[in-house]
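Top to bottom, those sequences are chains A and B. Quick note on the numbering used here: the first sequence kicks off at 1 and runs consecutively. Quick note on the numbering used here: the second sequence kicks off at 1001 and runs consecutively. Data block below; observations after.
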Amino acid sequence: MPFAPINTRFGFTLLWTSATFGGFLLSLLLIEVGEKPDIGVVEAAIGGFAIALPQGCLLKEPIFCIRWILSSILGWSIITAIGIGAVGWMIPSTQFLPPRILSGAICGALGGLGIGWAQWLAIPQPMAWRWIFVSSASWAVAIPVGSAVGIILRRLTQLFLGEVMGLAITWLLVGILTGMNAHKLRCLR
Amino acid sequence: MNRVIRRYFSYLLCLGLVVTLTVFSLSSLPVYSQKTNPLTTEIRGVWLTNVASGVLFVPWGINRALNQLSALNFNTIYPVVWNRGHTFYKSAVAKMTTGSDTQPLLNFMHGGRDVLAKIVTLAKNKDLRVIPWFEYGFMTPHYSQLAKRYPDWLTIGQEGINSIKEVPPEEIDNGLVSKQAWLNPLNPQVQEFIQALILEVVRDYDVDGIQLDDHFGMPVQFGYDRFTIELYQQEHQGKSPPSNPFNSEWMRWRADKITDFMAEIYQAVKAVKPKIKISLSPNYQAFAYKYYLQDWESWVKKGLVDELILQVYRNDKNSFIAQLEQPSVKLAQSLIPVGIGISTGTVRNPVKIAQIKEQVQAVRDRNFDGISFFYWESLWGYIVPESPQQRRKTFFDMFNAKTVRLLQPNKL
Chain A
1 MPFAPINTRF GFTLLWTSAT FGGFLLSLLL IEVGEKPDIG VVEAAIGGFA IALPQGCLLK
61 EPIFCIRWIL SSILGWSIIT AIGIGAVGWM IPSTQFLPPR ILSGAICGAL GGLGIGWAQW
121 LAIPQPMAWR WIFVSSASWA VAIPVGSAVG IILRRLTQLF LGEVMGLAIT WLLVGILTGM
181 NAHKLRCLR
Chain B
1001 MNRVIRRYFS YLLCLGLVVT LTVFSLSSLP VYSQKTNPLT TEIRGVWLTN VASGVLFVPW
1061 GINRALNQLS ALNFNTIYPV VWNRGHTFYK SAVAKMTTGS DTQPLLNFMH GGRDVLAKIV
1121 TLAKNKDLRV IPWFEYGFMT PHYSQLAKRY PDWLTIGQEG INSIKEVPPE EIDNGLVSKQ
1181 AWLNPLNPQV QEFIQALILE VVRDYDVDGI QLDDHFGMPV QFGYDRFTIE LYQQEHQGKS
1241 PPSNPFNSEW MRWRADKITD FMAEIYQAVK AVKPKIKISL SPNYQAFAYK YYLQDWESWV
1301 KKGLVDELIL QVYRNDKNSF IAQLEQPSVK LAQSLIPVGI GISTGTVRNP VKIAQIKEQV
1361 QAVRDRNFDG ISFFYWESLW GYIVPESPQQ RRKTFFDMFN AKTVRLLQPN KL
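So, in structure tokens, the structure goes:
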């Protein structure tokens, strides 16, 4: 057993959160944060890969790991292609807080739905459909919070870096919220 | 049955992925529409430094930077090669003198490969001029091997003051007050060392020039070390230097010695490669002379500088323009290509793209030969007010005309 805490729900959530957040940091080396039109399908696919790779490593069976990565890439590519946008790397064009929160919640819910749907295809469990709603709800909460933190930091510092830090908050929340449910994926180990 | 369905699903997943990526990948690439504006000879440069910037250290940082600069019609880079007592290329001279041939972190990150050689190779393929920048000039930290091994090379002020609060622009953000020691520009051993570094770069790399900046001088309060005092006494019938560092004759004497050394460097460089450019990026003349004994106006008059990039890092428009209209700048403009160094910001002083655009226009309105931006990380990194894509779009709009290769000075 490589990681002792993995036996507990808390331990797995911690690992899942670390993998997700680490994946986001890795993705920053590969793609550039920007507004919706700036992040294309290729960037979204690369970003999806960067996140799914460390997540997939937590799954025991190589076949599930590969399917997890492929379905994640597919999910990110599709939500970007159909116009929802690569919500994990894009920032809203508006700098006003209320529309940011509203549009963040909507985009998050839709984006999360798309990613969750694609990932659901990779989960061989009868109740796996729940994952779709977990993903959607997690993103619907995480994006408005991260986006609000991002714009506040940007205004305080006058730096775009504030938005990137807001996205980091988003990914941290997504990691925690999905991780709390992802422990059920342990049966894939 | 279940296994068959799953296998079928896996194939479907892969197919969907391939189709999605194929259909949408082409439309997602950033495209800058190249207008067919006439060619220009404008200098469009940027300084690449090692402080508060990862460009030289992160994987593919250099490749990414040069690709983007080339795509946006920049034509000159000034990569740092001398900073904090370290070289940023494989230097036999530095190895012999300080024990280290390259800045250690840079060496580690690039697996011991020569970064300047890599920059030169990549830049040549992109039609970018490479003008290595000896950023620290005579400045060196007290903790550097250079300062520790050769204390006699350092100059001091009165009452043994051995350092100066000197903070290069990109280091202002780190919150540390840098106290710097200063190599004595009048000391023949120091001169030999600095000249050897410069000649090494000129001889060993296919560069378009070398650049010295505002640190290629001597803080006015220095010059009270034993070597300088004895030299002054030899040339002044045993008289000691005045206690007032701003004494006009004492200032002139030191400034002239630095000018003499500048002439030596110019001749030595031209002897190795006659076509190579000596570029200088000083502060405005009055400040440079009064506080750093750097009489660059004389250097220009004597033909010791081929290209001048004046640092004008100001936010206020009127103050910026006033600097462009100084008599010394106009004089230089009449003799050599003169560009203006514009600040694109630091972490503590972010600069909006509107200000940059306004300053570029002010430079163009006054018929300067170009612009250089300080520094790479704040051109379109995350330490700017706008998104990186917005910044790049504005730079592309400003530089939509391609430039001809800048090899020869267009005046002289």
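Idealized CB from N, CA, C, for every residue including glycine.
request  = Flag this pair as yes or no: are the beta carbons of L30(A) and A52(A) separated by less than 9 Å?
outcome  = Cβ distance not < 9 Å, so L30(A) and A52(A) don't count as in contact.
request  = Answer with yes or no whether the minimum CB distance from V164(A) to chain B is below 9 Å.
outcome  = True, the Cβ-Cβ gap to chain B drops below 9 Å.
ask   = Under three-state DSSP, which class holds T1076(B)?
value = Of the three classes helix, strand and coil, the one that applies to T1076(B) here is strand, per DSSP.
Pick from S138(A), H183(A) and A182(A) that is closest to G88(A), judged by C-alpha positions = Minimum Cα distance to G88(A) is reached at S138(A).
task = Kindly indicate which three-state DSSP category I39(A) falls into: helix, strand or coil?
result = Here I39(A) sits in coil by DSSP.
Among Q119(A), I79(A), V145(A) and P124(A), nearest to L110(A) - alpha-carbon criterion = Ranked by how close their Cα comes to the Cα of L110(A), the residues Q119(A), I79(A), V145(A) and P124(A) have I79(A) in first place.
Three or more C-beta pairs below 8 Å linking the stretch 96-105 of chain A and the stretch 155-162 of chain A = The stretch 96-105 of chain A vs the stretch 155-162 of chain A: no contact.
query = Quick one: which chain B residues come within Cβ less than 8 Å of E61(A)?
reply = Neighbours of E61(A) in chain B, taken as residues at a C-beta separation under 8 Å, are lacking, since the least C-beta distance is about 12 Å.
message = The beta strand (DSSP E) that contains A1181(B), what's its start and end?
response = Under the DSSP assignment, A1181(B) falls in the beta strand (DSSP E) whose first and last residues are K1179 to L1183.
query = Nearest chain B C-beta to Q125(A) closer than 9 Å, yes or no?
reply = Judged by the 9 Å Cβ criterion, Q125(A) is not in contact with chain B.
query = Using the rule of at least 16 other Cβ atoms within 10 Å of the residue's Cβ for burial, across every protein chain shown, is Y1143(B) buried or exposed?
reply = The residue is exposed, with fewer than 16 neighbouring Cβ atoms inside 10 Å.
key: Under 9 Å (Cβ pairs) to chain B, residues found in the stretch 35-49 of chain A   = Along the stretch 35-49 of chain A, going in chain order, the ones with a CB nearer than 9 Å to a CB of chain B are E35, P37, D38, I39, G40, V41, V42, E43, A44 and A45.
task = With L59(A) as the anchor, note down where its alpha helix (DSSP H) starts and where it stops.
result = Boundaries for L59(A): no alpha helix (DSSP H) harbours it, and the DSSP string shows neither H nor E there.
query = Going by beta carbon distance, what residues of the same chain come within less than 6 Å of A182(A), once the five residues before and after it are set aside?
reply = So the qualifying residues of the chain are W16.
task = Assign V1081(B) to one of two classes, buried (16 or more other C-beta atoms within 10 Å of its C-beta) or exposed (fewer than that).
result = V1081(B) comes out buried.
ask   = Counting pairs of beta carbons, one from the stretch 116-129 of chain A and one from the stretch 67-85 of chain A, are three or more of them closer than 8 Å?
value = With the cut-off at 8 Å, the stretch 116-129 of chain A and the stretch 67-85 of chain A touch.
message = Assuming contact is defined by CB atoms lying nearer than 9 Å, are G48(A) and I91(A) in contact in what I supplied?
response = No, these two residues do not count as a Cβ contact at 9 Å.
ask   = Mind pulling the chain A residues with CB within less than 7 Å of E1386(B)?
value = In chain order: F160.
query = Quick one: complete beta strand (DSSP E) runs, 3+ long, within the stretch 1305-1350 of chain B?
reply = Listed in chain order, they are 1307-1311 and 1338-1343.
task = Give the straight-line distance between the Cα atoms of Q55(A) and M1262(B), rounded to the nearest whole angstrom.
result = Near 59 Å, if we compare the C-alpha coordinates of M1262(B) and Q55(A).
Strand pairing of G1209(B), partner residues [DSSP] = Paired residues: K1277(B).
ask   = Quick one: does I1353(B) have its CB under 9 Å from some CB of chain A?
value = So no, I1353(B) is outside the interface.
ask   = In terms of alpha-carbon separation, which member of D1397(B), A1052(B), I1309(B) and T1041(B) lies closest to E1377(B)?
value = Nearest C-alpha to E1377(B): A1052(B).
ask   = Leaving out five residues before and five after T1076(B) in sequence, what residues of the same chain have Cβ atoms less than 6 Å from its Cβ?
value = Here the set comprises I1043, G1045 and R1129.
request  = Return the CA-CA distance between S1028(B) and I1210(B), expressed in angstroms with no decimal places.
outcome  = Note that S1028(B) scores 45 on pLDDT, short of 50, meaning its location in the model is unreliable; the coordinates nonetheless yield the value given after this. Just so you know, the alpha carbons of S1028(B) and I1210(B) end up roughly 39 Å apart.
inquiry  = So, with DSSP's three-state summary, where would you put F1088(B)?
reply    = In the structure shown, F1088(B) sits in coil (DSSP, three-state: anything other than H, G, I, E or B).
inquiry  = Under 8 Å, CB to CB, which of the residues in the stretch 1363-1382 of chain B have a partner in chain A?
reply    = Taking 8 Å as the Cβ-Cβ cut-off against chain A, the residues of the stretch 1363-1382 of chain B that qualify are Y1382.
ask   = For L1154(B), which residues does DSSP report across the bridge?
value = Per DSSP, L1183(B).
request  = Name the two residues that bound the continuous alpha helix (DSSP H) containing T178(A).
outcome  = Where T178(A) is concerned, the enclosing alpha helix (DSSP H) stretches over L161 to A182.
query = According to a CB-to-CB cut-off of less than 8 Å, which residues of the stretch 1054-1069 of chain B neighbour chain A?
reply = Of all residues in the stretch 1054-1069 of chain B, V1058 and P1059 have a Cβ within less than 8 Å of some Cβ in chain A.
query = Should E1307(B) be labelled buried (16 or more other beta-carbon atoms within 10 Å of its own) or exposed?
reply = Buried: at least 16 other Cβ atoms inside 10 Å.
request  = Consider the Cβ of V33(A): report whether some Cβ of chain B lies at a distance smaller than 9 Å.
outcome  = Yes, V33(A) lies at the interface with chain B (some Cβ there is under 9 Å from its Cβ).
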